[in-house]
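Take a look at the structure set out below.
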Amino acid sequence: MSQIAPIDVENREFVGSLAKGLRVISAFDTDNDKMTLAEVARRTDMPRAGARRLLLTLHALGYVTTDGKLFSLAPKVLELGFSFLSSKSWISVATPLLEKLRDELGESVSVTALEGDEVVYLARFPVDRVMTMSMKVGARRPAYCTAMGRVLLGELGDDELTELIARADIRKLTSNTITDRQALKAICKKVRAQGHALVCEELEQGLVAISVPLRSPRGEALAAVNVCGHPSNLTVTDLEGRCLRALKRTVRLIEQSIV
Numbered sequence: 017m018s019q020i021a022p023i024d025v026e027n028r029e030f031v032g033s034l035a036k037g038l039r040v041i042s043a044f045d046t047d048n049d050k051m052t053l054a055e056v057a058r059r060t061d062m063p064r065a066g067a068r069r070l071l072l073t074l075h076a077l078g079y080v081t082t083d084g085k086l087f088s089l090a091p092k093v094l095e096l097g098f099s100f101l102s103s104k105s106w107i108s109v110a111t112p113l114l115e116k117l118r119d120e121l122g123e124s125v126s127v128t129a130l131e132g133d134e135v136v137y138l139a140r141f142p143v144d145r146v147m148t149m150s151m152k153v154g155a156r157r158p159a160y161c162t163a164m165g166r167v168l169l170g171e172l173g174d175d176e177l178t179e180l181i182a183r184a185d186i187r188k189l190t191s192n193t194i195t196d197r198q199a200l201k202a203i204c205k206k207v208r209a210q211g212h213a214l215v216c217e218e219l220e221q222g223l224v225a226i227s228v229p230l231r232s233p234r235g236e237a238l239a240a241v242n243v244c245g246h247p248s249n250l251t252v253t254d255l256e257g258r259c260l261r262a263l264k265r266t267v268r269l270i271e272q273s274i275v
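71 is the number that the working numbering gives to position 55 of the sequence shown; each next residue is one higher, with no gaps.
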């Protein structure tokens, strides 16, 4: 899976106003769903006047609502994400098969894509049991300490993998988190060779997962798919046995349906 080269902001074709508008949209999240002009300016590192013009433009286009003091995203923003999902026709093909996998195993199933040094959740099929970490569609997690991240990192060429791990923000998230960059490179290469990744409580205490790549007809990795749960329900033997077999079988069915 090839990475898009970083954008050169000095390039004459780079549209700074568009980039700033998208930065304003991205500033809103769960903890900042409603903000004043001053708060938006601070979070986007923009002058108040510039932030105000962008907010009013987004409001005129229907992407932002305001009561005169507080700004928040409008439902129309969902169209941006829907356009992405609509362009990935394989997601609709995969959905019933992944729901069936969740029901068969009784564990949560997820699909992610690699963006920089993070994975972004494209689809989630959770079970009723509640994880301590919220993993919703659009959520981001570090790639270096997740099973799906390591699967997708393993798809990179050696030079690209080295560069990405070198610049990634690698921190100890649990007592199990591997932070040695050379060790992480070796793990990703091993994942590439064996075709799956297993991670035990590196992202979050009480969360284990196993993941495999989902490929296009040309052999390119479109995404990573995983099964995850709590170690009290999923042992390493469970993950590498029944879960991996079912996961591989489901992914093969999805790949056979992709045209």
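Virtual Cβ for every residue (Gly too), placed ideally from N, Cα, C. Please read these numbers as outputs of a predicted model, since none were measured by experiment.
- When Cβ pairs closer than 8 Å are counted between the two stretches, the segment 203-212 is seen to touch the segment 159-169, the count reaching three or more.
- DSSP, reduced to helix, strand and coil, places Glu134 within a strand of the structure shown.
- Inter-segment contact for the segment 79-89 and the segment 29-44 is present: three or more beta-carbon pairs are separated by less than 8 Å.
- Within the segment 152-238, the complete alpha helix (DSSP H) segments of 4 residues or longer fall at 163-169, 174-183 and 197-210, listed in chain order.
- In this chain, the alpha helix (DSSP H) harbouring Val56 covers Leu53 to Thr60.
- By the Cβ criterion, the segment 176-196 is in contact with the segment 124-137, since at least three pairs of Cβ atoms, one from each stretch, lie closer than 8 Å.
- Residue Thr46 holds the alpha-carbon nearest to the alpha-carbon of Gly154 among Thr46, Leu263 and Val31.
- One thing to note: Ala65 has its Cβ no nearer than 8 Å to the Cβ of Val56.
- For the pair Leu250 and Val224, the Cα-to-Cα distance works out to about 7 Å.
- Assigned with DSSP and collapsed to three states, Asp254 falls in helix.
- Taking 8 Å as the cut-off, the Cβ atoms of Ser232 and Ile274 count as close.
- Nearest neighbour of Asp119 by Cα position, chosen from Asp185, Thr266 and Glu171, turns out to be Thr266.
- Non-local C-beta neighbours of Leu114 in its own chain, meaning closer than 6 Å and more than five positions away in sequence, comprise Val125 and Phe141, ordered along the chain.
- When only Cα atoms are considered, Leu121 and Val80 end up about 41 Å apart.
- In the DSSP assignment, Asn242 is bridged to Ser126 and Ser227.
- With a cutoff of 8 Å on beta-carbon distance, Asn48 and Arg59 are scored as near each other.
- Here Ala237 has Met17, Val167, Leu168, Glu171, Pro229, Leu230 and Arg231 as same chain residues with Cβ atoms under 8 Å from its own Cβ, once five neighbours each way along the sequence are excluded.
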